[in-house]
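Protein chains in written order, with the working numbering: chain A, 270 to 485; chain B, 270 to 485.
Here a beta-carbon is modelled for each residue, glycine too, at the ideal position from N, C-alpha and C.
Protein chains: 2
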Amino acid sequence: MKEFVVIGLGNFGATVAKQLYQLGCNITAIDVNKARVQDLQEHTHQAIIADATDRKFLENLEVKNFDCFVVSTGEDSHASILISLYLKELGAKKIVVKANSTDHVKILLKVGATEALIPEEEMALKLAHSLAFPNVLDFLPLSEEYSIAELVPPPKFAGKSLIDLELRSKHHIEVIAIRDVLTRKLQFIPSAGYQIKDSDILVVLGKDEDIEGIRG
Amino acid sequence: MKEFVVIGLGNFGATVAKQLYQLGCNITAIDVNKARVQDLQEHTHQAIIADATDRKFLENLEVKNFDCFVVSTGEDSHASILISLYLKELGAKKIVVKANSTDHVKILLKVGATEALIPEEEMALKLAHSLAFPNVLDFLPLSEEYSIAELVPPPKFAGKSLIDLELRSKHHIEVIAIRDVLTRKLQFIPSAGYQIKDSDILVVLGKDEDIEGIRG
Ligand SMILES: Nc1ncnc2c1ncn2[C@@H]1O[C@H](COP(=O)(O)OP(=O)(O)OP(=O)(O)O)[C@@H](O)[C@H]1O
Ligand SMILES: Nc1ncnc2c1ncn2[C@@H]1O[C@H](COP(=O)(O)OP(=O)(O)OP(=O)(O)O)[C@@H](O)[C@H]1O
Chain A
270 MKEFVVIGLG NFGATVAKQL YQLGCNITAI DVNKARVQDL QEHTHQAIIA
320 DATDRKFLEN LEVKNFDCFV VSTGEDSHAS ILISLYLKEL GAKKIVVKAN
370 STDHVKILLK VGATEALIPE EEMALKLAHS LAFPNVLDFL PLSEEYSIAE
420 LVPPPKFAGK SLIDLELRSK HHIEVIAIRD VLTRKLQFIP SAGYQIKDSD
470 ILVVLGKDED IEGIRG
Chain B
270 MKEFVVIGLG NFGATVAKQL YQLGCNITAI DVNKARVQDL QEHTHQAIIA
320 DATDRKFLEN LEVKNFDCFV VSTGEDSHAS ILISLYLKEL GAKKIVVKAN
370 STDHVKILLK VGATEALIPE EEMALKLAHS LAFPNVLDFL PLSEEYSIAE
420 LVPPPKFAGK SLIDLELRSK HHIEVIAIRD VLTRKLQFIP SAGYQIKDSD
470 ILVVLGKDED IEGIRG
């Protein structure tokens with residue numbers, strides 16, 4: 270059972286708190302504004318009216334017991350910086366903060382925030398990527414090193430079967446689906462004997478450099 | 270070569286325009302504010318100073334030629350509503366609008382916007398999901414029917430190799446990675462001879478019902 274604290278119940282903070290609660294997590298919601306705390310009462314386990322820049326208040330929270338703190342205290346950058354500093358000193362495991370600018374991000378990371386994000390910029394980047402690569406599979410990082418990508422098969426692959434090409438053992442990539450270039454439909458988990466047509470698009474999983482190695 | 274128009278060059282619009290340009294797309298940036306248009310000149314193919322609620326101006330754009338319009342004209346909801354209405358009438362293929370509230374979203378969709386998003390709320394929902402399900406792989410739908418999911422292997426799998434279990438041919442699922450339950454590290458693209466330990470977590474790709482069939 271995951272335990273979270275959300276400090277600052279503006280649009281962003283309130284949405285995070287309500288969604289986490291709906292997903293079955295244990296939520297403590299904190300704000301200095303009474304009305305906002307009351308609005309959250311139906312959607313959280315604990316809703317507390319408090320000034321989170323009050324270090325004594327934070328000490329009483331038993332900060333180490335929570336999986337993550339989400340801080341979104343609005344346009345006053347100083348409040349979120351102070352809260353992050355204190356939470357880090359008190360041993361918070363993870364601190365995610367909504368930031369107002371790239372300088373604010375730098376300061377937050379320096380005082381101990383685990384992650385600092387500017388929602389509008391993050392969303393703008395995601396939108397740009399999904400517009401430039403409308404095949405979500407074309408841009409899907411799975412981890413630091415591995416991604417899923419769509420490729421046009423190199424000419425030497427045409428007519429060969431997946432098993433002939435030894436993609437897994439030799440190239441260390443896995444073909445998880447074939448996209449028919451005409452119908453755009455995906456056929457997942459092709460059989461080992463599947464023969465590649467030059468009109469196919471391969472949907473592969475692999476390390477970024479191994480994928481580039483095939484593309485070339 | 271994808272062609273986009275971005276109307277409204279505040280933080281959101283400017284970020285979308287610059288990112289799309291960096292990703293190799295053809296960008297036309299429009300704003301009524303001269304300084305903002307000038308700031309974008311290095312980052313777009315065309316940067317135009319204009320009031321996009323002027324229907325005559327939009328008619329001269331040859332709206333049908335573009336893949337998508339991104340509209341983010343700020344707190345004045347009326348401008349984006351009017352622009353969406355006109356773009357739809359002029360035959361725009363796709364119109365994505367940054368909205369200010371859920372009512373604004375409803376109105377935009379009614380007048381013809383393809384998509385209307387409130388970046389802060391979208392980001393809040395994504396953050397909540399990634400906090401509640403920190404294994405992104407645990408929550409990754411790839412298409413209508415297929416997903417990637419993490420599973421504890423059923424007891425009868427322990428000690429067997431992937432190829433013995435005929436997961437691909439018999440169960441129609443692919444094990445794309447093994448997660449070590451102690452270190453939490455992922456080993457992608459396990460070999461066919463890999464023997465499953467009962468302390469492994471299998472990261473599989475398959476149809477939702479085939480995955481459930483294994484879980485059971
Ligand atoms: N020191 C503090 N302790 C607790 N709550 C605080 C503190 N400072 C600010 N807050 C609360 O944080 C919330 C910030 O929400 P606000 O709407 O101002 O901005 P935001 O988070 O940038 O935007 P959004 O509404 O989009 O989330 C307010 O409800 C405010 O009362
Ligand atoms: N009718 C219009 N035609 C062209 N540009 C417009 C029109 N109305 C507003 N704009 C521009 O849209 C931009 C909106 O940016 P603004 O910073 O106000 O808000 P926003 O998009 O909500 O926020 P953000 O800065 O986070 O993107 C401004 O640069 C403004 O000049």
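Taking a cut-off of 8 Å on C-beta distances, the stretch 450–464 of chain A does not touch the stretch 274–287 of chain B, as fewer than three cross pairs fall below it. Secondary structure at I480(A): helix, using DSSP grouped into helix, strand and coil. In the displayed model, I387(A) falls within coil according to three-state DSSP, outside both helix and strand. Annotation: Cβ neighbours of H441(A) in chain B (cutoff 8 Å, chain order): I458. Among the CB atoms of chain B, none fall inside 8 Å of the CB of A385(A).
For A304(A), the enclosing alpha helix (DSSP H) stretches over residues 303–309. Taking 8 Å as the threshold, the shortest C-beta distance from A397(A) to chain B falls below it. Excluding the 5 residues flanking it on each side, S346(B) has same chain C-beta neighbours closer than 7 Å at N369, H373, in chain order. Contact between the stretch 290–306 of chain A and the stretch 316–323 of chain A is present: 3 or more CB-CB pairs across the two stretches fall below 8 Å. The Cβ of I276(A) sits no closer than 8 Å to any Cβ of chain B. Of all residues in the stretch 338–363 of chain A, only V339 come within less than 8 Å of chain B when Cβ atoms are compared, listed by chain position. Here the alpha carbon of I387(A) sits roughly 44 Å from the alpha carbon of E435(A). Residue side-chain check: G282(A) places its Cβ nearer than 7 Å to a non-hydrogen atom of ligand 1. Straight across, the Cα-Cα distance linking K362(A) with A397(B) is about 17 Å. When C-alpha distances from S399(B) are compared across A393(A), E384(A), S399(A), the shortest belongs to E384(A). Put simply, the CB of V366(B) is far from chain A, with every gap to its CB atoms at 8 Å or more.
With 16 or more neighbouring CB atoms inside 10 Å of its own CB, K367(A) falls in the buried class.
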